[in-house]
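Working notes, beginning with the structure itself.
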Amino acid sequence: MATAQLTRVSAPTPATQRPGPIRRHGWTYVYLAPFAILTSVFVIYPIFASLGYTLYEWDGLGEPTDFIGLRNFADVAADEFFWSSFRHAAMYTLVLVPVQLVLALALALVLNNPKLRGSTFYRAIYFLPAVTSVAIVGIVLKLMLSNFSDVLSRPLMAVGLTDQPLDFLGNPDTALWAVIVIGIWNTLGYNMVYFLAGLQTIPKEQYEAAQIDGAGKIARFVHVTVPGLRGVGVVIVFLAIIGSLQVFDLVMVLTGGGPYFATEVVNTYIYHQAFGGSIGSGGSAEPNVGYASAASFFFGIILLVLTLGQMWAIKVMRARKAARA
Amino acid sequence: MPESRHLSRRGFLAGALATSALAACGTSKKSTSPGKGAELTHWDQMVSQEPWIKKEIELFQAARPDIVVKRTQQASGDLEKLLDLAWRGGNAPDVFKVPSDKLDDYVEEGRVLALDKYATLEWQKTFPAYSFVEGVNAINGKVYGAPFDGEAPWVQLYVNNKVFKDAGLVEADGTVKIPKTWDEVTLFAEQIVRKGNGSVHGIGFGNSAFAMIPWWMELFTAGAGYPGSVPPGFPGGLDPRTGKFTRSTDRVVSDFLTLFLEWKTKGFIVPNALSVDDEISRQHFARGKFGMIVGGVWNQPGWTELGFTDYSVTTLITPEAQQKSFFYHGPGKYSLAISASTKSPDQAWEWFKWYHGLDAGSRWVQELKGGLSSHPEANDPSKIDFAPFAAYVGMAKLILPGPSPALRNPATANVVPKKITPDFDAITTGLYTGQIKDLSGALAKLAEEQERVFTEALDKAKKKGHKVSLDDYVFADWDLTKPYKWDIPEYIGAK
Amino acid sequence: MKVTRHILLLGFGLAYVYPFLWALGSSLKTPMDFLDSGLSLIPAEMRWENYAKAWDQASFGTYFVNTLVISLVTVVFTLLLTAMAGYALARHTFPGRKTLLFVIGATFLLPHGYTIIPVFDIVKALGLLDTIWSVILVQVGGGLVFGTFMFMAYFQAMPKELEEAARVDGAGYNTLFFRVILPLSRPMAATLGLFTFIGSWNNFFLPLVFTLGKPELRTLGVGLYAFTSQTSTNWTLLCAAAIISLAPIVVVFVVAQRYVVDAIAGAVKA
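Okay, structure coming up:
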């Protein structure tokens, strides 16, 4: 991660004449201990404890007994519905992340202006969708879109984009797009606030210095704002990608993954496997928690590989750049 | 169709099945005699039936001031998960609603109290014959549950009277015409659309939360001389008369789906059927946006609440005028169970008995209009002051006893086929959106899958030592027009 | 120019919050009015009693205090622990740091699918079932990775001059953290605190699961969830319930916002 390099600069002096690492870094370990312990107990251990389920055919009741080895993983990899849900999640992410980040940054830049009157009010407005639980936001949006799609389609029909009312969430051609737009709307506020917090870490002096050097607005943005946001920016991008790939609640509330899998993403696929019943089916078939866990891990491994590959690529590119310079 | 025979999760929630569980952390006294007081914890998932359960608890506590029933309502989709966790945490409720199909698992896990001490023959006889059945609500000769709901066709076709009248669909005497055949539904829908100038549709449904097309399917095929509705316990797609997986590929299935798609193409169906869910479409129906909807009896209280009562109800729409088959049910049912870990079994039993009793059942039918009671005396249409609900109660004659694999061989409970993707529900949606083009191909592939997962499940059960075979599911002697004669004792323990 | 900007911000903002305004309007409609009035915001007649009914049905009265206590305690612990860990990771190198960073990254990617059973077993072993502490502990435990990550990035981007000056003045590890670093991290603390508060306020699953035996400890999220999972949903009451549960968070947001602004002002002066 880009952040690692920054820290190296602030590393304490070499350790040759100092005592052993535990004593030398005593307070560092103390500061990390509660974090490390609680995370191990409530995040990492449960992940590994549930890893065992992937090797069983198990309906979630009592303890798993039907050991089937790695067959769940093989079945996941061979399931076309898993891969189509993967494509939908990827599509959701590829569209949502860049659009949302650009909008959030633009909004943050406008609202960061200390001379802007009522900026608190505007911030509250744009943050509002993010504070409500997704279940509620989703229900309201769904009510509006499905109940009154005829009203909403009128402007589209007026400009000739469509000749009949669109059933946004019920039409397989539009459903995923509708979900993406709502997704952008829903969490934009979060990224806006992150960017606002990030903008505040950039010292005013840097802007002043740039201005004295004769840098214009755009130059100041490129040479001061962008580098200043890099630390937080990397984190925001990373979180936005992970969050989008793992989108669940919003899809569940809006479409349940339908119509006919048109908006099924990986996490709704996993849910449907874990609790039986596909989109809208009664779920009289047995839930398969083992299979769902395997799908879940399989997906995690894909993400891990993709991320590591990305980091490696960045590293290689940097090294080349450095070599050239 | 198999999947739809069981109501969707939300359908359950809706209260198709009566629900209630009582759970109690008893008092500190280890064992209490029948006369002593106790606090019982009770879990159920009743929402629209809440007024009834609250009143029953009040009445019960007035009759037994020494017993306190502490009720917790759990969201029905979570009930099973939460019960599992409660057992894990050692704080299971004393009395609880058993999620569907889970009683045998719970008995095996030792969670449920055997009622043999309480469920005497005398008490059993307050219920009709075949209410207590080995393999359903009794295991190894011990009773664990009792039926609460009565049997009635679980889907109905509702007609908005005003929409029909506006379209001129009235008999000579001024009452609205009630469709009986596929053709009539088509004709009526067409007329409604024609007279409605595009603002009123003939047919509506809401497919978003769960697939509704299979509900239409069952209502329109159950009377076609084909087991469009099968009793519980049969694997998806199996025709119990032959033991072959032909239910999904039967001619009547593709005929109906073709007709349904025709309705769509001709513009008879509301355009937003795939993005609204059932609840919303029910409200649109009440607002007269379309003329016909399929749903369960739980639709009725919601409409009453909205102030909408001007509708008629029917069921079993047949391809031709002649009705050649019925809805079918198996013997025995269950609702509540008492926890094996309760500290106050006697008090829990008192509440269990009250809940499943005739008086509570009568109030369920006549006051709440929540559905039918397992006590036939409670289901008297003449005591019901609301025509559509009385009509529903009168439909009880359209459901007949059907064969049941669990009766013949209780070990069949161990045969649990895996989920198929896409299942019938998904396929109907895919056909409707046009994502699936080849109707018969999709159904043929489904039938193959249904056979495959069933054979797998059978083999797996055999490997675990259960004596099961395909023959347990074949009832060559089943005459669809007659009540199936069950070869079991009328009551458990009766000679 | 100024006016145009405000017009744009307001117009776009209005569209942005339209669903909420619609929910607000709907919360005062009758069920029939709701179905007939389409996307209009104004009820035909005001039904204030919707709010009283929603309040009762979702048991908001009973759950309000639980929710407030759980959310506030969760925020305090999350902020303190993540700021400490984030600081240690951002400003110090030590053996094991790289491994720790890798593990943090990996836990983001690994799905947290079916982990409720192991977590439940741990809470049971700690004897905390059916207490609000179980909810707090699990929420704090689950949120530390995210918060630490955020604080780490924030501290890394922060100029080091102040810290170095303080270190030259002889400030120790703790003095440096509590006197210099922590006050400087107010914008991030406000941001993260806000998010944690929102998450905790809206959470329904953990409060539901860990208070199974004592439903009186449930939170607003559970009440609201029960509302959305009903069969014949009364949409107007649902809208009213949503508005009620939304109101406190909006207040928190506005307050936290001011805090952020103050914090910046303070930082600039210093």
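Protein chains in written order, with UniProt numbering: chain X, 1 to 325; chain L, 1 to 495; chain B, 1 to 270.
Every residue gets a Cβ at the ideal spot worked out from N, C-alpha and C, and that includes glycine.
Reference residue i; option with closest CA among the options
i: Ser50 of chain X; options: B:Ile181, B:Ile116 and B:Pro207; result: B:Ile116
i: Tyr207 of chain X; options: X:Tyr53, X:Pro227 and X:Val193; result: X:Pro227
i: Arg71 of chain L; options: L:Ala63, L:Gly90, L:Pro51 and L:Tyr130; result: L:Pro51
i: Met32 of chain B; options: B:Phe102, B:Ala157 and B:Leu237; result: B:Leu237
i: Glu109 of chain L; options: X:Pro203, X:Pro64 and X:Arg117; result: X:Pro64
i: Arg91 of chain B; options: B:Val103, B:Thr148, B:Val135 and B:Thr107; result: B:Thr148
i: Asp183 of chain L; options: L:Ala38, L:Phe256 and L:Phe245; result: L:Phe256
i: Arg287 of chain L; options: L:Ile492, L:Val468, L:Asp310 and L:Asp116; result: L:Asp310
i: Val140 of chain B; options: B:Val168, B:Leu80 and B:Ser185; result: B:Leu80
i: Ala442 of chain L; options: L:Val415, L:Met46 and L:Thr249; result: L:Thr249
Residue-chain proximity (residue i, chain L), Cβ-Cβ < 8 Å
i: residue 296 of chain B; result: Residue coverage of chain B in this structure runs from 1 to 270, which leaves residue 296 of chain B outside it and unanswerable.
i: Ala242 of chain B; result: no
i: Gly282 of chain X; result: The pLDDT assigned to Gly282 of chain X is 35, lower than 50, so where the model puts this residue is not dependable, and the model offers no usable value.
i: Asn147 of chain X; result: yes
i: Val135 of chain B; result: no
i: residue 322 of chain B; result: The structure shown does not extend to residue 322 of chain B, since chain B is modelled only from 1 to 270, so the question has no answer here.
i: Gly141 of chain B; result: no
i: Leu21 of chain B; result: no
i: Asp36 of chain B; result: yes
i: Asn288 of chain X; result: yes
i: Leu156 of chain X; result: no
i: Gly213 of chain B; result: yes
i: Leu61 of chain X; result: yes
i: Ile279 of chain X; result: Reliability of the predicted coordinates at Ile279 of chain X is poor, the pLDDT of 36 falling under 50, and no value is obtained from them.
Assigned secondary structure, residue i (DSSP; H/G/I helix, E/B strand, else coil)
i: Asn160 of chain L; result: strand
i: Lys244 of chain L; result: strand
i: Gln273 of chain X; result: helix
i: Val365 of chain L; result: helix
i: Ser275 of chain L; result: coil
i: Gly394 of chain L; result: helix
i: Gln73 of chain L; result: strand
i: Trp43 of chain L; result: strand
i: Asp380 of chain L; result: coil
i: Lys436 of chain L; result: Note that residue 436 of chain L is Ile in the sequence shown, not Lys. DSSP places Ile436 of chain L in coil when its eight states are reduced to three.
Chain B within 8 Å of residue i, Cβ atoms only
i: Thr65 of chain X; result: no
i: Thr72 of chain L; result: yes
i: Leu82 of chain L; result: yes
i: Leu113 of chain L; result: no
i: Ala476 of chain L; result: no
i: Arg64 of chain L; result: no
i: Gly231 of chain X; result: yes
Whether residue i touches residue j by CB criterion (8 Å)
i: Gly198 of chain L; j: Ala167 of chain L; result: no
i: Asp122 of chain L; j: Ala360 of chain L; result: Before going on, a small fix: residue 122 of chain L reads as Glu here, not Asp. Contact flag unset, no.
i: Asp59 of chain X; j: Asn288 of chain X; result: yes
i: Tyr87 of chain B; j: Val232 of chain X; result: no
i: Val144 of chain L; j: Ala444 of chain L; result: Sequence inspection shows Tyr at residue 144 of chain L; the Val mentioned does not correspond to that position. No. Outside cutoff.
i: Gly243 of chain L; j: Pro410 of chain L; result: no
i: Gly189 of chain X; j: Leu229 of chain X; result: no
Test: residue i CB closer than 8 Å to a CB of chain X
i: Met32 of chain B; result: no
i: Leu306 of chain L; result: no
i: Thr78 of chain B; result: no
On the three-pair Cβ rule with 8 Å, is the segment 144-153 of chain L touching the segment 267-278 of chain L?
The segment 144-153 of chain L, when compared against the segment 267-278 of chain L, does not touch it at the 8 Å Cβ threshold.
| Counting Cβ pairs closer than 8 Å, one from the segment 469-488 of chain L and one from the segment 418-427 of chain L, do we hit at least three? | Touching, no.
message: Quick check: the segment 247-262 of chain X against the segment 208-221 of chain L, are at least 3 beta-carbon pairs closer than 8 Å?
response: Three or more Cβ pairs drawn from the segment 208-221 of chain L and the segment 247-262 of chain X lie within less than 8 Å of each other, which places the two stretches in contact.
Check: Is it a yes or a no for the segment 455-469 of chain L touching the segment 100-109 of chain L, going by three-plus beta-carbon pairs under 8 Å?
Finding: The segment 455-469 of chain L makes no contact with the segment 100-109 of chain L; the number of CB pairs closer than 8 Å stays below 3.
> Counting pairs of Cβ atoms below 8 Å between the segment 228-245 of chain L and the segment 290-308 of chain L, do you hit three or more?
Replying inline: Taking a cut-off of 8 Å on C-beta distances, the segment 228-245 of chain L does not touch the segment 290-308 of chain L, as fewer than three cross pairs fall below it.
Just checking, does the segment 42-56 of chain X make contact with the segment 118-131 of chain B on the three C-beta pairs under 8 Å criterion? Yes, the segment 42-56 of chain X touches the segment 118-131 of chain B.
Q: Please confirm if the segment 27-39 of chain X is in contact with the segment 129-146 of chain B, defined as three or more CB-CB distances below 8 Å between the two stretches.
A: Flag = yes, the segment 27-39 of chain X and the segment 129-146 of chain B touch.
Assess contact between the segment 93-104 of chain X and the segment 204-213 of chain B, defined as three or more Cβ pairs (one per stretch) separated by less than 8 Å. Is contact present? Contact fails: fewer than three Cβ-Cβ distances are below 8 Å.
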